[in-house]
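Just so it is clear: in the sequence shown, position 466 is 466 by the UniProt record's numbering, and no numbers are missing.
Glycine residues also receive a C-beta, built at the ideal position from the N, C-alpha and C atoms.
Notes to accompany the following structure.
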Amino acid sequence: MLILYGSQTGTTESFAKIVHSFATARGLSPRLVAADDFDHADLVHEDVIVFLTSTFYNGEFPSNFTRTWDYLQTTTAKFTTTKFAVFGLGNSATKSNFNNAGKQLDAQLEALGGERLVPLGLGDEQADSGHETSFRPWVQSLWVKLLGGHGKMTLPVQYGISYPTKDVESAPRTIPGFDAFRVVSNTLLTPVGYERPSYLLTLELPPRVTYELGDHIQVAHVNSDDLVLRLARRMHLDLSTTVHLSALANSTGLPTDPVKLQVLLRDHLDLSSPPSRSFLEGLSALCTDKKEATELEHLAEDMTAGNAYSQYVGTNPASRIPFTLVDVLELYPSIQVGLEHILGNVPILPPRYYSVCSSPLMLPRHVQIVYMVAKWQSSKSPLKTFTGAAAGYMSHLKTDALVTAQISRGYFKVPESLETPILGVALGTGISFFRALLQHRAYHQDHNAIVSKIRLYFGIRHASKDFLFQNELDTYVNRGLLELAPACSHDGASFVTPVTLIRDFPTSVAEYLDNQGVYFYCGIGGTIPEFHEAAIEAALQASHKSTLGSEMETVDEMKASGRWQIEAFSSCLDHENALQYQQKVQSKKEDTPISDVVGDCAMFCFQCGQTNQGIGCTKIGVCGKTPTVAALQDLLVDHLKHLSWYAHHIRVVDPDVTSLTEVDRFSLVALFSTLTNVNFDATRFVTFIQQTKAFTDTLSQEYATVCKAHGVTPRAVPWKRTDANVVDIEELVASGKKVGVLSRLRAGRNDALVGLQEMLVYGLKGLAAYTDHSFQFGNEKPEIYHFIHEAFAFLWSPEAGKVDKVVDMLMKCGQVNLTALALLHESNNTYGAQSPGIATSVPRPGKCILVSGHDLKMLHDVLEACASYKTDHGVHINVYTHGELLPAHGYPALRASPHLIGHFGAAWQRQSLEFAHFPGSILMTTNCLTQPKTEYKDRLFTAGAVGWQDIPHLEDGQYAPLLAKAVAGVGFTDADLKFNYPANPFVNTVEKYHVGWGSETVIGAAATVLQAVTDGHISRFYVIGGCDGYEGERSYYTDLAKALPDTSVVLTVGCGKFRINHLDMGTIGDTGIPRLLDLGQCNDSYSAVQIALALAQALQCGVNDLPLSIVLSWFEQKAVVVLLTLLSLGIRNIRVGPTVPAFLRPSIFKVLHEKFNLMAIGADVHQDIANMVGGDKTPTA
């Protein structure tokens, strides 16, 4: 086994050594080599290669892996006899660059013909237990693959130890490439006694060593004497002993010349870091006490949230407990560990990186470092102060002391021209680079060069305590080299950060960046750089009076061209930079920006009312949507906005254009596919995205042609990004995350406005769905397509930044949807207007098909296919409806089919419980699909816009596979007297449903209904409709219907009916008309509108004066657009629930309440009924 690693700071190397150690213990013969130290030509001859690599800087490979990566990209060799495994180490806060190196490496090795042993492992510094959260299961799966198991192993012995009698001097550690730097001075910069002391360390360069502007220095620190003494006492070691090590099994890193044991432990072994889980596992095998062994095993293996190990590696100092190897040995005295177990298994003490804060032009023979000594009290040990290891070591350095160190090339690429404007953010000791840069520019200014200013936002705590280099910075200000904006977070009542100043004074940001300025950030990592990025985007938008999307593209362009550069330290909850933490503790939760609440997450979606914790789905959708699909959907919607901008402006120039028919229809199905519970197939979204880009390119050319023909100057497009035709799904996902709603929430810091804009997008999705249903019949109206493109184009305009303008567009969306609903009503009536009837819910013997969704045309076609199959093969197939296809039994032409036999199950959200008990094939037609279960996945099919990866998709009415699967199935038998799926514990099962009370039937009985109103048999109508969610225990709608006065009439629409239609509410007087009338599907809200208008006309009053109340069960985007339709008709006093969706922030809901008296349902149905009967109070204008 060959183990190759790429490591920039030593972390990956330590994980590679863990693999090496335990491979050795398992009897393998591993070799451990830094990737670039191995002869690349020999790689193809290796049987097994294990790669470990971090991702460095902007998604790059570490410096000791770059030549290996170049080779793998260019070689023509085939690795068909090589088995490989890859583990990447990254930080999810880097978003699109997360583990980029590992992902590229894994894909390239597969492309070269290698055989993957185990799936790619992705370590995440942000995870509860850091990289080990992923590393432990990955490495265990590797042992299983190679050896058939991963049984418990002791610590392998990697060095032979002898004890020479000849004494040696205690020479300091030597490291290849490192030199001895003499300490010139070590000056305290902060007031004596300040809890966060910072120092300026000046070192004399060794002969022939030079440095450049922006370089780093690696300092090889040592363990504290106290820690070394504790280890010696616990292990009964004599520190004055001389030891001579001989490497076993290719072990490297420790000195093989005789050395004092004190020097070996102090200078070479990392004694201060928490032991790895693998190391703890090895120590557990050395315990003589079974209880202690069990505790250590649990500490090593437990990966659950909040596990014990996470308290030792967490990023919050207040809750982190220092936990070293010495602590472990002291806590578990039965561990029988010898020196031979420690050497080679404890990681080598890694050097620490620091930014150089001096310029070689000003100090050619000296280098300076500014560092802060982190001190903290753990909540578990409040009386004890802990100090950072490396900085603690440096703080005790005296003049003339020698420090082992090495100059390393820096990350930043400084502009060659001194006239390039620079905008910078420095947090705390992040001032280092900027001080060096200012010294550099001051030198050139002294030599008569023209030098532009730097605008620097400097984040500190207290002006009087940690304003590092204040006097020197003031000098640069006076010389015209610097425009300084200090942000002192702890000096006032409000928490002021660089983000605050960037947002409050946007013009200065634009002045620097608009003139080809370069942005540098140097400070804490995690999400903090993104907060500053969002602030700069918002500042540019405010200054340019542009759209947020265009400024996000501006920043993307800066990144691509090298004008946006970040040097971020590891993230921690350091209050100096705890912008995110501060924003999370605002007094009102609803005032906290959503992006702060969710932080870093794999995905973000809040387009339906089912969102996780009422905020948004961040790991996987409640619906089953994966992060990959979520990102691809976001990217598709973004591309549709580009397409729509061109389509709309072509029509503006030439209203009579006839060439957009194909674009119109494509826009419809592509948009519909992003609706909740429709399409989960990533490959189909990749195709949609490619098609959208192709259409957009064509429209771009057509727009130019149309403008030229009409003598019109083409408008400049409001975006800047011109993506290549990317087909790699990882790149598409990364692009999707950049344009997704979370990125806009984070950038805009205006949840209310972004939520309202998203409501328009969701309304368009619902509109597309209803229009697609009509298009299945061949029916369409051009004005619907025109509006979809107009609305998307509107979102590019500055007007989309105004709440009132967005509300106006929402109302227009509702009006256009009324046209779509009327068209769908007409289309469905192809099968005759609904008429009253009974749909049974009991099994009938025979082969069977279940059709779910909404699409009556597809149901009709399945029935026709079954009739043809019976004619051809003599086999009768029964067809059952499911979910929102229950109303199909109310249409005469469908009901007449001998194949339409009954209804199976309840609403869409119970399919995972019910479908396993259906003994035939199943077809999903529209937006009702949830994650398929193994029990029925093999007989599930999709059609139309619906999709799930690996589920057969039936194109263009080709239902032969569906019928074949039904015939092959067992079907129902005579012994099946009722459906045997689990009963709903919250809603009683019924064996028949009343159907067919559409608007034509109800309006046809208008005289009878009106007489019942006059006679007092009807006191009030209640429309209860919409799309219901998952929660079975949610009983509001059932309780509401039960509690209504017995003179009430309930009209249901949508799948919310399944909360109510088991109730027996009797009839209206002696008319025989049920008091519970189902109008049909969610689109049959149109029928509710027609009934309301007819009643208002008959009673000679306005709709809002009718004895009518509307309660909507708000779930997905069809319900959104139905609400918009009702509001656009001026219908007021509508209640929505069970909760207000996350995209509708409290401030916007307040606007809608004031404008339309829109209300959330209450906690008490009786109070809600009293309010409805008493007449809801309508706000006055």
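What does residue i pair with, by DSSP beta-bridge criteria?
i      : result
ASP179 : ALA405
TYR989 : Note that residue 989 is Thr in the sequence shown here, rather than Tyr. DSSP, once it has assigned bridges, lists no residue as partnering THR989.
HIS903 : THR881
ASN679 : GLY947
HIS236 : HIS236 pairs with nothing; no bridge assigned.
TYR443 : In DSSP, TYR443 forms no bridge with anything.
GLY6   : THR53
Which same chain residues end up closer than 8 Å to residue i when comparing Cβ atoms and leaving out the 5 residues on each side of it in sequence?
i      : result
ASP976 : PRO843, PRO845
SER170 : LYS260, GLN262, VAL263
VAL118 : ALA85, TRP138, SER141, LEU142, LYS145
In the DSSP assignment, the beta strand (DSSP E) including residue i goes from what residue to what residue?
i       : result
PRO486  : 482-488
GLY88   : 83-90
ASP1078 : 1076-1080
LYS847  : 847-852
LEU155  : Counting along the chain, LEU155 falls outside any beta strand (DSSP E), and DSSP gives it neither H nor E.
Mapping DSSP to helix, strand and coil, what is residue i?
i            : result
SER999       : helix
LEU632       : helix
ILE784       : helix
LEU117       : coil
GLU212       : coil
HIS773       : helix
GLY523       : strand
ALA964       : helix
GLY388       : coil
ALA1170      : helix
ALA709       : helix
TYR581       : Low per-residue confidence applies at TYR581: pLDDT is 36, beneath 50, and the placement is therefore not dependable enough to give any value.
residue 1190 : Residue numbering for the chain in the displayed model covers 1 to 1181; residue 1190 lies beyond these limits and cannot be assessed.
ILE1068      : coil
VAL1053      : strand
On the DSSP letters alone, give me the boundaries of the alpha helix (DSSP H) that residue i sits inside.
i       : result
GLU295  : 290-301
TYR1037 : 1036-1043
ARG31   : First-last for ARG31: 31-34, but that is the beta strand (DSSP E), not the alpha helix (DSSP H).
HIS244  : It is not in any alpha helix (DSSP H) - HIS244 instead sits in the beta strand (DSSP E) that spans 242-247.
TYR512  : 506-513
Let me make sure I understand the geometry here. Which of the options has the alpha-carbon closest to that of residue i?
i       : options                        : result
PHE941  : CYS928, GLN931, SER921         : SER921
LEU28   : PHE794, GLU13, LEU142          : LEU142
GLN958  : VAL970, ALA943, ILE951, GLN949 : ALA943
LEU189  : LEU468, ALA247, ARG744, GLU914 : LEU468
SER659  : THR210, LYS937, GLY711, PHE695 : PHE695
PRO247  : ASN345, GLU330, THR174         : In the sequence on display, residue 247 carries Ala and not Pro. Measuring from the Cα of ALA247, the nearest candidate turns out to be ASN345.
ASP1015 : TYR519, ILE1068, PHE915        : ILE1068
GLU115  : LYS720, SER358, VAL44          : VAL44
MET235  : GLU864, PRO333, SER827, PRO164 : PRO333
SER1147 : TYR411, PHE986, VAL803, ARG26  : VAL803
ALA631  : THR692, GLU730, ARG563, LEU548 : GLU730
GLY996  : ALA983, PRO1074, GLN1011       : PRO1074
LYS17   : ASP42, PHE51, ASP37, PHE38     : PHE51
GLY609  : GLY1162, SER1113, ILE1131      : SER1113
LEU402  : ILE431, ASP179, LEU548         : ASP179
Can you list, in chain order, the residues of its chain whose CB lies under 6 Å from that of residue i, leaving out five sequence neighbours each side?
i      : result
ALA300 : ARG277, LEU280, GLU281
LYS588 : The pLDDT assigned to LYS588 is 42, lower than 50, so where the model puts this residue is not dependable, and the model offers no usable value.
SER852 : HIS882, GLY883, MET924, CYS928
LEU239 : ALA232, LEU261, GLN262
SER134 : GLY121, LEU122, GLY123
Taking Cβ positions only, does residue i come closer than 7 Å to chain D?
i      : result
ARG196 : Absent from the structure: chain D. Only one protein chain is present.
Below 7 Å CB to CB, which residues in the same chain sit around residue i once its five sequence neighbours on both sides are set aside?
i      : result
ARG895 : GLY837, HIS889
SER7   : GLU13, SER54, PRO62, ASN64
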